[in-house]
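Visitor: Next up is a structure, given as C-alpha cells.
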Amino acid sequence: MSDASVNTASQAPAAQTGDAGFGDFFALLKPRVMTLVVFTALVGLLAAPVAVHPVVGLAAILFIAVGGGAAGALNMWWESDIDAVMKRTAKRPIPAGNVSRDEAFGFGMTLAVFSVVMLWLATNALAAAILAFTIFFYVVIYTIGLKRWTPQNIVIGGAAGAFPPMIGWAAATGTVSIESVLMFALIFMWTPPHFWALALFMRGDYDTAGVPMLTVTHGRKSTRLHILVYTVLLAIMAIGAAFTGIGGPVYLGVALVFNALFLRDAVAIWRRDEDQAEADNYRVEKRAFRLSLWYLFAHFTAILAEAALSGFGLGGWA
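Counting from 7, one number per residue, gives the positions in the sequence shown under my numbering.
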C-alpha cells in the first residue's frame with residue numbers, strides 16, 4: 007500500500023462513538039452487493055428439488071443476507087484506509103467519519119456470528135458451515151490476504167460472491183450437488199470480466215490506493231485480453247450448463263443471447279487501444295459493465311424459470 011493511502015486515511019475525520027445513525031450502519035452492509043447475494047441464494051433455494059416451508063425459506067434468505075452484510079462491514083473495517091483515497095468509496099461511513107473502525111468491526115463480527123448460528127438453527131449445519139466459510143473467505147482470504155498482494159485478487163476472491171446459491175441449495179437439501187456447483191461456477195467465471203471492465207474506467211482510483219488490480223500491474227492492454235479470454239470461457243461454461251440439471255430451453259435461449267452480447271463487447275474491448283477508449287469516455291467498457299449486471303440476473307432468472315417448469319422447489323411455496 008502506498009504512503010499516500012496511509013497519510014490520507016490518517017487525515018480522515020474521526021468518528022465519534024454514538025454519532026452514527028441507522029443509515030450509516032445499513033451502508034456498512036453494502037446493500038447493493040447484498041441484493042445480488044439474496045437473489046442468487048434465493049434461486050439456489052427455490053431451484054433445489056426439495057419443498058421448503060415458506061417460513062423456513064424466508065428465514066434462510068434473511069440470515070444469508072445478514073451474513074453477506076456482515077462480510078461487507080468487515081471488509082469496510084479493514085479497507086477504511088484505501089476507501090478514504092478512492093473517489094468511489096470516500097463517502098463510505100468510516101472514511102466519512104460517521105462510524106469508527108472499532109464500531110464497524112464489532113458490528114460485523116456480531117452479525118457474522120448471529121447469521122451463522124441462526125441459519126444453523128433454521129436449516130442445517132452444512133448451510134451454516136458454507137456461510138461461515140464464505141464470510142471467512144471474503145474477509146480473511148480475499149480482503150486481508152489477496153486484494154493488496156496479487157493482481158489475481160478478483161479471480162480467486164470471486165469465489166466469495168459465488169457461494170450464495172450453494173448456501174441456498176444446501177439450506178433446502180442439506181447437500182452440495184453438481185447443480186449448486188454449476189451455479190457457483192457461473193458466478194465465479196463471471197466475476198473477473200465484470201470487475202475488470204469496471205477497472206478499465208476506474209483505474210485512477212486503484213492507482214491512488216495502491217491496489218494491484220490487473221490494470222495497474224499488467225496494464226490495460228493485458229487486461230483487455232484477459233477480459234476476452236475469461237468471457238470466452240464463461241460463454242462455453244454458461245451455454246454448456248443448458249444441457250445439465252439446471253438448464254433447459256428457456257435457459258438455453260437466455261444464455262445464447264446474453265453470451266453473444268457479452269462476447270461482442272469483450273471483442274470490442276480487446277480491439278480498442280487507450281486513445282480510442284479515452285476519446286469516447288470508455289463507452290464500450292461501461293456498456294460491457296452494465297451488461298454484465300443484467301447478464302447474471304438473466305441467467306439466474308432462467309434457472310428459476312426452468313425449476314418452476316420442472317416442478318422443483320417452487321412447489322413447496324404454494
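Note that CB positions come from ideal geometry on N, CA and C, so glycine has one too. Remember, predicted model here, so these are calculated numbers, not experimental data.
In whole angstroms, what separates the C-alpha of Phe111 from that of Thr140?
Guide: Here residue 111 corresponds to residue number 105 of the sequence shown, with the count starting at 1. Here residue 140 corresponds to residue number 134 of the sequence shown, with the count starting at 1. Counting only the Cα atoms, Thr140 lies some 17 Å from Phe111.
Visitor: Within this structure, are the beta carbons of Phe113 and Ala77 separated by less than 7 Å?
Guide: For this step, residue 113 is matched to residue 107 along the sequence shown. For this step, residue 77 is matched to residue 71 along the sequence shown. No; because the gap between Cβ atoms is not below 7 Å, this pair is not in contact.
Visitor: With three or more beta-carbon pairs closer than 8 Å as the criterion, would you say the region 193-206 touches the region 154-166?
Guide: yes
Visitor: Out of Ala71, Phe31, Arg289, which has the shortest C-alpha to C-alpha gap to Pro171?
Guide: One-based indexing of the sequence shown puts residue 171 at position 165. With distances taken between Cα atoms, Pro171 lies closest to Ala71.
Visitor: Is the Cβ-Cβ distance between Val105 and Ala26 less than 7 Å?
Guide: Position 99 of the sequence shown, counted from the start, is the residue given in the question as residue 105. Position 20 of the sequence shown, counted from the start, is the residue given in the question as residue 26. Result yes, Cβ atoms of Val105 and Ala26 sit closer than 7 Å.
Visitor: Helix, strand or coil, according to DSSP, for Tyr301 in the structure here?
Guide: As a working mapping, residue 301 is identified with position 295 in the sequence shown. Residue state, collapsed to three classes: helix.
Visitor: Let me confirm a value: Ile242 is counted as buried when at least 16 other C-beta atoms fall within 10 Å, else exposed. Which label applies?
Guide: Sequence index remark: in the sequence shown, residue 242 carries index 236 (1-based). Exposed is the call here.
Visitor: What separation, rounded to the nearest whole angstrom, lies between the Cα atoms of Ser86 and Ala66?
Guide: Working through the sequence shown from its first residue, we reach residue 86 at position 80. Working through the sequence shown from its first residue, we reach residue 66 at position 60. Cα atoms of Ser86 and Ala66: separation of roughly 30 Å, rounded to the nearest angstrom.
Visitor: Determine, using beta carbons only, whether Gly63 and Leu35 come nearer to each other than 7 Å.
Guide: For this step, residue 63 is matched to residue 57 along the sequence shown. For this step, residue 35 is matched to residue 29 along the sequence shown. Not in contact: Gly63 and Leu35 (Cβ atoms no closer than 7 Å).
Visitor: Assign Lys93 to buried or exposed, taking buried as 16 or more other Cβ atoms, counted over all protein chains shown, within 10 Å of its Cβ.
Guide: Taking the first residue of the sequence shown as position 1, residue 93 is located at position 87. Exposed, since its Cβ has fewer than 16 Cβ neighbours within 10 Å.
Visitor: Is the beta carbon of Leu239 closer than 7 Å to that of Ala272?
Guide: The residue given as residue 272 occupies position 266 in the sequence shown. The residue given as residue 239 occupies position 233 in the sequence shown. No, the Cβ-Cβ distance between Ala272 and Leu239 is not below 7 Å.
Visitor: How about Val290 and Ala178: do their beta carbons lie closer than 7 Å?
Guide: For the purposes of this step, residue 290 is taken as residue 284 along the sequence shown, with counting starting at 1. For the purposes of this step, residue 178 is taken as residue 172 along the sequence shown, with counting starting at 1. In this structure, Ala178 does not lie closer than 7 Å to Val290 by Cβ.
Visitor: To the nearest angstrom, how far is it from the Cα of Val44 to the Cα of Ala313?
Guide: What you label residue 44 is simply residue 38 of the sequence shown in a count that begins at 1. What you label residue 313 is simply residue 307 of the sequence shown in a count that begins at 1. Computed Cα separation, rounded: 18 Å.
Visitor: Quick one: Cα of His59 to Cα of Ala90, how far?
Guide: Taking the first residue of the sequence shown as 1, we reach residue 59 at position 53. Taking the first residue of the sequence shown as 1, we reach residue 90 at position 84. C-alpha separation (whole angstroms): 44 Å.
Visitor: I'd like the span of the alpha helix (DSSP H) that includes Ile252, first residue to last.
Guide: Working through the sequence shown from its first residue, we reach residue 252 at position 246. Taken as a continuous stretch (DSSP letters only), Ile252 belongs to no alpha helix (DSSP H), as it is neither H nor E.
Visitor: Under 7 Å between the Cβ atoms of Phe69 and Met115?
Guide: Residue numbering aside, residue 69 sits at position 63 when the sequence shown is read from its first letter. Residue numbering aside, residue 115 sits at position 109 when the sequence shown is read from its first letter. Not closer than 7 Å, so no.
Visitor: My assumption, with CB atoms under 8 Å, is that Thr229 sits in contact with Thr221. Please give the rounded CB distance.
Guide: Residue numbering aside, residue 229 sits at position 223 when the sequence shown is read from its first letter. Residue numbering aside, residue 221 sits at position 215 when the sequence shown is read from its first letter. Between Thr221 and Thr229 the Cβ distance is about 5 Å, and since that is below 8 Å, they are a contact.
Visitor: Spatial neighbours of Ala247 within its chain, please: C-beta separation below 6 Å, excluding the five flanking residues on both sides.
Guide: Taking the first residue of the sequence shown as 1, we reach residue 247 at position 241. Same-chain partners within the cutoff: Leu188, Gly253.
Visitor: Cα separation between Ala166 and Phe143?
Guide: In the sequence shown, residue 166 corresponds to position 160, counting from 1. In the sequence shown, residue 143 corresponds to position 137, counting from 1. Cα-Cα distance, rounded: 6 Å.
Visitor: Give the secondary structure of Leu35 by DSSP, where H, G and I count as helix, E and B as strand, and everything else as coil.
Guide: Taking the sequence shown and counting its residues from 1, one reaches residue 35 at position 29. Three-state result, Leu35: coil.
Visitor: Nearest-angstrom Cα distance between Leu269 and Ala191?
Guide: On the sequence shown, residue 269 is found 263 positions in, with the first residue counted as 1. On the sequence shown, residue 191 is found 185 positions in, with the first residue counted as 1. Roughly 18 Å between the two C-alpha positions.
Visitor: Pro101: which of Leu258, Met82, Phe249, Ala118 sits nearest, CA to CA?
Guide: Taking the first residue of the sequence shown as 1, we reach residue 101 at position 95. The residue with the shortest Cα to Cα distance from Pro101 is Met82.
Visitor: Using alpha carbons as the reference points, say which of Ile150, Val263, Gly225 lies closest to Asp279.
Guide: The residue you call residue 279 lines up with position 273 of the sequence shown. Among Ile150, Val263, Gly225, the Cα nearest to that of Asp279 is on Gly225.
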